[in-house]
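Data block below; observations after.
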Amino acid sequence: MQSQLPLYPEQASNFAPQVDNLLLFIVTICLVFAVGICAAVIYFFFRYQRRNPDEIGVPIHGDLRLELTWIVLPFFLLMAMFGWGAVIYVDYRHTPTDTLDVYVIGKQWMWKLQQPNGRREINELHVPLGRNVRLIMASEDVIHDFSVPAFRVKMDVVPGHYNTMWFRPTKPGKYHFFCSQYCGTNHAVMGGWVTVMEPGDYATWLSGNTTGDPIAVGQQLFNNLACSTCHQADGKGRGPSYLGLYGSKVKLADGSTVTADDNYIRESILQPNAKIVAGYQPVMPSFQGQVTEDQIAALTAYIKSLKDQPAPGKPAAGDSATGMK
Amino acid sequence: MSSATTTPATAEKLPREHYLNATYGIRSWLLTTDHKRIALLYLISVTFFFFIGGLFAALIRIHLLTPGGYLVTPETYNKLFTMHGVAMIFFFLIPSIPAVLGNFLIPIMIGAKDLAFPKINLLSWYIYLLGGAFVLYSFATGGLDTGWTFYTPLSSIYSNSAVTPAVLGIFINGFSSILTGLNFIVTVHTMRAPGMTWLRLPLFVWAHYATSLIFILGTPVIAITLLLAGLERMFHFGFFNPAYGGDPILFQHLFWFYSHPAVYIMILPAMGVISEIIPTFARKPIFGYDFIAASSIGIAVIGFIVWAHHMFLTGQSTYSAVAFSFLTFLVAIPSAVKVFNWTSTLYKGSIAYDTPMLYGLGFIGLFTIGGLTGLFLACLGLDIHLHDTYFVVAHFHYIMVGGAIMGYLGGIHFWWPKITGRLYPEFLARVAAIVLFIGFNLTFFPQFILGYLGMPRRYHDYPPEYQVLNVMSTAGASILALGYLLPMVYLTWSMRYGKVAGKNPWPATGLEWTTDSPPLTENFHETPVVDWEVYDFEHRPELGLKGAIGKKPAPAHGDD
């Protein structure tokens, strides 16, 4: 990239400088210890070289004060490293609310990605500069991992549930992304390029060549799979309504409450009996093996598009702007 | 105590009768219950697996010379690194020091005639061979391409390689570890010689006691986990595959519940070896004996509650990640305590640079780097970037090769005179130790940088900007290979032609150095009575050293 022997990859996201600063902090502390220990070993080695083959060393058995010092002092330094690392990680795991959502599906051995307006890409990801981007990721087979070294981020892509990750690109350019979790034969070539574009360029790029709005696809699936037979808009069918569902709190039959997010919708399609909505019977069949990851994503997009519709028996959920159309 | 062992080495003869010549014939070896002969059987078998694993490593490094891959197909490459890991971890590193040096030395160090259960000890070796045979069968019939971590559902459903025999082999081999651990614990509790109190136990024994705890508490978990993965593969039980209602992350929890402590199985015995070598060649008591002994137990205990630090990016809850990161930082403290104490032991010592000491000092440096880079990975913010890159590969090779194998080789050299009764050629051995140190660093240090640059592990193909560092690493590996071949040659040579060592060539203070080299089948002519403190040179006039209280007149002792 930059020189023949760079020491760190390019810094192209909000996390990159944070991670690099933390690295510098830890490297400094570790260098002090490593150099100190090596210097002591080398100095003692030459200073106390055996001069006479029969000589013995000075019998010293230990020193409690020293022992306590080298237990307590490193403890505080370790806690500093721990704390700093935890702050970055917590930030990374808490996605901001105003994200641009891209669906990512990993399968042996390719990545399928879909922009919010339905534009699909394979092994390529285009994102606008300066915008918080969230990747919502699923796997169709084994565990994969989506990793962008220039952004200093990665996350496993696990079959059976969605994982999400986020970042904010800060520098236009083309950067590698890799599959970082070993996934079989062509693991090493299951990667591609992230292209960070100026927002204007991104908008132009996005409007070209759309292959089907996921919301429309989801709506069609909703009818074709006969979801609509039970899940009626007024909530009077055998299943609960889907209007205003996404992001709302759902009361369950066991008295607990969950937030209806991507994973909840996914689980309700694949394992309908895992969480039963209060007031309904566990009668829905599982769609495990009958819908693909793409179709689940489309169904979710459709339900998500109705998040601001008034749920039956409830006032409107408000009219906050969202990233979804 | 018998007479001082200070006559010049050239005049020495091997004892007339010892464990190697007590009986003859292949049956006397294959049916032996002598812990020393069983140790030698293990020595041969783990060396065999080391060379198989090493061969795979050599092919991996040659393949990575060029970005597109130089040598083999992707399928073959994936099998190479998987089989390298399986052979090295389960069949070399885990048994190496405990089953070879531990087996040979623990009874002698505590003044016993054998382990508590000699027949079970032999059984452990046969179980190891049976497990090894299953794994070799897997290697020979299609190979194994799941990674040594066997992550599901790749291993349980999707892989097309010979996974079933391999997991059965590792399952079987687990019993060998469990029985060895059990044997060591019972032996240390019940068979110590008169005067051998717990606080007079060599630190080598403490380290093996801690290791044995992990053997018996951890190994059943990995055994059953791999069995479950095998059952899912054979009969499609839904344990780990979400399509059958299982959870792939559950496998990782179970796998690392053992496999993280397993890292301490590999490193604790090496730390035990170093704790013997350093006081011997600095000729003074080890600094902070109780802290080093307690830190072994501390590592074994805390090591059991850090496993999920391998899983920070699987989507585990943020709180759980923070808790496991905290616990992981804690485990750094007992490791650091050992390093500080070893270093302090050198202060005002009488330091020699015999080969075992070169390994000992090399170990301190390499283990320090390996341990400190572990902090980078324990640190949540950095792990987001470093997880599953070459940084991890470099880190654990510093621990497992720089630490465990350096400790193993140091120990083999240190106790070689006791095992064979003969000395190895000192000059060649020093050269080999230095070649290994240089080759090792050149191989693995560039991988830290590769990792920070983002190169993922387990890649048969990589972008061209990573080539320079890969070439450096391969160059280092060829030096490293030479460093491993040298001891093979001169140690074998020395078994027949080496100078006769005598009882205590260094001299060292442990009980094992008071008996013949090689020892009798029963280890001691009469039950020893320990009336000295551990690592005490000062009150041991029979060692014939100056500065000892109550010094006996003795001819000069040559130290190599």
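Keeping their order, the protein sequence lines are chains U and L.
For the first sequence, this note's numbering gives the first residue as 1, with consecutive numbering after it.
For the second sequence, this note's numbering gives the first residue as 1001, with consecutive numbering after it.
Where is the CB? At the ideal position from N, CA and C, for every residue including glycine.
Values in this document were obtained by computation on a predicted structure and should not be read as measured data.
| query | result |
| --- | --- |
| CB contact below 8 Å: residue 124 of chain U versus chain L | no |
| Residue 68 of chain U versus residue 1349 of chain L - alpha carbon distance | 23 Å |
| CB contact check: residue 1558 of chain L to chain U, cutoff 8 Å | Since pLDDT at residue 1558 of chain L reaches only 40, below the 50 mark, its modelled position is unreliable, and no value is offered. |
| Any C-beta of chain U under 8 Å from that of residue 1456 of chain L | yes |
| Nearest neighbour of residue 116 of chain U, chosen from U/301, U/308 and U/284 [CA to CA] | U/301 |
| 8 Å Cβ cutoff met for residue 1327 of chain L and residue 1299 of chain L | no |
| Cβ-based burial, residue 327 of chain U [other Cβ within 10 Å; buried from 16] | With chain U covering only 1 through 325, there is no way to say anything about residue 327 of chain U. |
| Residue 1560 of chain L (DSSP reduced to helix, strand or coil) | Note on residue 1560 of chain L: pLDDT 41, under 50, position unreliable in the model; no value is reported. |
| Where residue 1186 of chain L meets chain U, residues with beta-carbon distance less than 9 Å | Simply none; closest approach about 30 Å. |
| One or two residues paired with residue 105 of chain U in a DSSP bridge | U/112 and U/138 |
| Cα-Cα separation between residue 109 of chain U and residue 70 of chain U, rounded to whole angstroms | 49 Å |
| CB-CB length for residue 1211 of chain L against residue 1107 of chain L, believed under 8 Å | No, residue 1211 of chain L and residue 1107 of chain L are not in contact; Cβ-Cβ is about 16 Å, not under 8 Å. |
| Supposed contact pair residue 187 of chain U and residue 1458 of chain L - C-beta distance, whole angstroms, cut 8 Å | 6 Å |
| Interface partners of residue 1322 of chain L on chain U, CB under 8 Å | 86, 89 and 90 |
| Within-8 Å CB hit, residue 1283 of chain L to chain B | Of the chains in the structure shown, none is chain B; the protein chains are U and L. |
| Residue environment, residue 1512 of chain L, which counts as buried when at least 16 other CB atoms sit within 10 Å | buried |
| Contact list for residue 70 of chain U against chain L, beta-carbon separation under 8 Å | 1336, 1337 and 1340 |
| Element boundaries [beta strand (DSSP E), containing residue 124 of chain U] | 124-128 |
| Beta-carbon spacing of residue 197 of chain U, residue 126 of chain U below 8 Å | yes |
| Residue range of the alpha helix (DSSP H) that includes residue 1324 of chain L | 1318-1346 |
| Nearest candidate by alpha-carbon position, reference residue 1268 of chain L, set L/1238, L/1093, L/1033 and L/1083 | L/1093 |
| Cβ-based burial, residue 318 of chain U [other Cβ within 10 Å; buried from 16] | No answer about residue 318 of chain U holds up, because its pLDDT of 41 lies below 50 and its placement is not dependable. |
| Beta-carbon proximity check, residue 1490 of chain L vs residue 1429 of chain L, cutoff 8 Å | yes |
| Under 7 Å from the C-beta of residue 50 of chain U: neighbouring residues of chain L | 1350, 1351 and 1352 |
| Ranges of the alpha helix (DSSP H) found wholly within the region 262-287 of chain U, counting only runs of at least 4 | 262-270 |
| Classification of residue 179 of chain U by the beta-carbon crowding that lies within 10 angstroms, buried from 16 upward | buried |
| Beta-carbon spacing of residue 1487 of chain L, residue 1423 of chain L below 8 Å | no |
| Nearest candidate by alpha-carbon position, reference residue 1069 of chain L, set L/1543, L/1133, L/1460 and L/1232 | L/1460 |
| Pair within 8 Å by beta-carbon distance, residue 58 of chain U and residue 1361 of chain L | no |
| Under 7 Å by beta carbon: chain L residues contacting residue 163 of chain U | 1315 |
| Under 7 Å from the C-beta of residue 334 of chain U: neighbouring residues of chain L | Residue 334 of chain U cannot be examined here, being either before or after the span of chain U that is shown, 1 to 325. |
| Residue 18 of chain U at chain L interface by Cβ criterion, 8 Å | yes |
| Minimum Cβ-Cβ distance from residue 1001 of chain L to chain U less than 8 Å | In this prediction, residue 1001 of chain L scores a pLDDT of 36, lower than 50, which makes its location untrustworthy; the coordinate-derived value is nonetheless stated afterwards. No - not a single Cβ of chain U is within 8 Å of the one on residue 1001 of chain L. |
| Interface partners of residue 1291 of chain L on chain U, CB under 8 Å | 62 and 67 |
| Closer than 8 Å to chain L by CB, residue 314 of chain U | Note on residue 314 of chain U: pLDDT 48, under 50, position unreliable in the model; the coordinate value appears next. Chain L contact via Cβ: absent. |
| CB contact flag (residue 158 of chain U, residue 136 of chain U, <8 Å) | no |
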